[in-house]
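Notes for the one structure printed next.
Number of protein chains: 2
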Amino acid sequence: MNLENTQVQMRKGILEYCILHIISRGEVYASDMLEELTSAKMIVVEGTLYPLLTRLKNAGLLEYKWVESKSGPPRKYYTLTNMGKNFLDGLSNTWKDLVLSTQKITNNSK
Amino acid sequence: MNLENTQVQMRKGILEYCILHIISRGEVYASDMLEELTSAKMIVVEGTLYPLLTRLKNAGLLEYKWVESKSGPPRKYYTLTNMGKNFLDGLSNTWKDLVLSTQKITNNSK
DNA sequence: GAAAAGTACTATGTATGGCCAAGTACCATA
DNA sequence: TATGGTACTTGGCCATACATAGTACTTTTC
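First to last, the protein sequences are chains A and B. Numbered per this note's numbering, the first sequence spans residues 0 to 109. Numbered per this note's numbering, the second sequence spans residues 0 to 109.
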């Protein structure tokens, strides 16, 4: 049991929310997302992001199209499906509730 | 893949933080914690709480003493060790960073 | 034009933690 | 002593994050 491990645990689920949110703002591919997540100091690595995208796609929340690139192999550009949009709304509420609950507990000095 | 499952994932690690925080405010036993968590709408069940307490104790973050009760079997009253206090400080920062990062991403309308 | 470097994506195995479910143990009351 | 409530324990299941290694394609460099 160490801090680093707990940080990983805390990220669980939240990552999914962040990624859906990023995609909701317009077509992006994996490296775009990595860049934004990193710049927000949300540590993510390839080995986490790609499987997650595949999972979300298989669940019907995302879809993608191949787009050729001028500097390397073609890229998958992702967009949200309607199902994905609904799911994001739900996640949004879940996250807000969770933050509120945590605040309630950690601000309580009794 | 459903909402409920993601809610579970989101709770991961955060629960640990909340429980350490509750214990940091004074001696409590499991049912006290359950009550406070529930009243803050942080859904927790016995099967989650007890193993977590055991884990934290084995990691040296908690210690407990048995106290007899007038209305049932004796109870384990938990307190934080010094190690536990330090760990809680670390978790506190981790949580704040995570909330900030998430805000950064979800407030970005680009 | 062949080798090297870079970009994008894939696949597999491991560890952790939340939860369900069943079970143990103790106490008080009827 | 039988019943119901309280407190805690245990074993197994599932989902996710991550490390690691690998595939495939493109551009650059000599």
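Each residue gets a CB set at the ideal place from its N, CA and C atoms; glycine is no exception.
- Round the Cβ separation of B:S23 and B:K84 to the nearest angstrom and send it over; I've been treating them as touching at under 8 Å. Within the second sequence, the letter at position 24 stands for residue 23 of chain B. Within the second sequence, the letter at position 85 stands for residue 84 of chain B. The C-beta distance from B:S23 to B:K84 rounds to 7 Å, short enough to meet the 8 Å contact threshold.
- Task: Select from the region 79-96 of chain A all residues with a C-beta closer than 8 Å to any C-beta belonging to chain B, and list them in chain order.
- Result: Residues passing the 8 Å Cβ filter: F86, G89, L90, S91, T93, W94, D96.
- Task: Tell me, to the nearest whole angstrom, how far the beta carbon of B:R74 is from that of B:V66; I am working on the premise that it is less than 8 Å.
- Result: Counted from its first residue, the second sequence places residue 74 of chain B at position 75. Counted from its first residue, the second sequence places residue 66 of chain B at position 67. At roughly 5 Å, the Cβ-Cβ gap stays under 8 Å, so B:R74 and B:V66 are in contact.
- Query: How about A:M41: is its C-beta nearer than 7 Å to some C-beta of chain B?
  - Reply: The sequence position of residue 41 of chain A within the first sequence is 42, counting from 1. So, interface residue.
- Query: In chain order, what residues of the same chain have a beta carbon less than 7 Å from the beta carbon of A:K109, not counting five sequence neighbours either side?
  - Reply: Here residue 109 of chain A corresponds to residue number 110 of the first sequence, with the count starting at 1. Confidence at A:K109 is low in this model, with a pLDDT of 49, below 50, so the placement of that residue should be treated as unreliable; the coordinate-derived value is given next. Short of 7 Å from the beta carbon of A:K109, and not among the five residues preceding or following it, lies no beta carbon of its own chain.
- Is there at least one Cβ from chain B nearer than 7 Å to A:G141's Cβ? No statement about residue 141 of chain A is possible, as the shown extent of chain A runs from 0 to 109 and does not include it.
- Item | Same chain, Cβ closer than 7 Å to B:M0, five either side skipped, listed in chain order | Looking up residue 0 of chain B in the second sequence gives position 1. Hits under 7 Å: none found.
- Quick one: is A:K109 near chain B, going by C-beta distance under 7 Å? In the first sequence, residue 109 of chain A corresponds to position 110, counting from 1. With a pLDDT of only 49 at A:K109, under 50, the local geometry of the prediction cannot be trusted, and no value is derived from it.
- Message: Assuming contact is defined by CB atoms lying nearer than 7 Å, are A:G12 and B:Q102 in contact in what I supplied?
- Response: Taking the first sequence and counting its residues from 1, one reaches residue 12 of chain A at position 13. Taking the second sequence and counting its residues from 1, one reaches residue 102 of chain B at position 103. No, the pair does not count as a contact, with Cβ atoms beyond the cut-off.
- Message: Report the start-end ranges of each beta strand (DSSP E) in the region 56-82 of chain A that is 3 residues or longer and not cut off at the edges.
- Response: Unbroken beta strand (DSSP E) stretches of 3 residues or longer found wholly inside the region 56-82 of chain A: 61-66, 74-79, given in chain order.
- May I ask you to report which of helix, strand or coil DSSP gives A:V43? In the first sequence, residue 43 of chain A corresponds to position 44, counting from 1. In the three-state reduction of the DSSP assignment, A:V43 falls in the coil class, being assigned neither a helical nor a strand state.
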